[in-house]
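Let me begin by presenting the structure, written as structure tokens, before commenting on it.
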Amino acid sequence: MKTLLKIVAFTALLLGIRLYQCSSFRDEYKTTSLEKCGEQQRCIDLVENSDWDKCFDVAYKMGRHSSFDEGRFHGCLANSQRH
Numbered sequence: 533m534k535t536l537l538k539i540v541a542f543t544a545l546l547l548g549i550r551l552y553q554c555s556s557f558r559d560e561y562k563t564t565s566l567e568k569c570g571e572q573q574r575c576i577d578l579v580e581n582s583d584w585d586k587c588f589d590v591a592y593k594m595g596r597h598s599s600f601d602e603g604r605f606h607g608c609l610a611n612s613q614r615h
């Protein structure tokens, strides 16, 4: 039983670390994107839109080696602006 609890605790710790890394990267990427927008209100509105977060989730892959697919992210944003 103790072994099972250790495994569950370790798994929860790893998942927490992954979620923290994803959240930190999201915040950093959003801040960088807003800085690149400068004074352009349309750009700022796009970054602050809920579609930005949805597209980030589509492009960010969690796992042993997390990754972010910028092409997929920008494609998703372009598609969201068409609707």
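One point on numbering: in our numbering, the residue at position 73 of the sequence shown is 605, and numbering is uninterrupted.
Backbone N, C-alpha and C fix where the C-beta goes; we use that ideal spot for every residue, glycine too.
Please identify the residue among the options whose C-alpha is closest to the C-alpha of residue i.
i: Leu-546; options: Asp-589, Phe-588, Val-579 and His-597; result: His-597
i: Leu-578; options: Leu-551, Arg-614 and Tyr-592; result: Arg-614
i: Ser-612; options: Gly-548, Gly-570 and Asp-583; result: Asp-583
From residue i to residue j, what distance separates their C-alpha atoms?
i: Cys-554; j: Thr-564; result: 15 angstroms
i: Tyr-592; j: Arg-604; result: 9 angstroms
i: His-606; j: Glu-580; result: 15 angstroms
Should residue i go down as buried or exposed, given a rule of 16 or more other Cβ atoms within 10 Å for buried?
i: Leu-566; result: exposed
i: Phe-588; result: buried
i: Leu-537; result: exposed
Run through DSSP, which three-state label would residue i get?
i: Ser-599; result: strand
Between residue i and residue j, how many whole angstroms is the CB-CB distance? I'm expecting something under 8 angstroms.
i: Met-594; j: Arg-550; result: 5 angstroms
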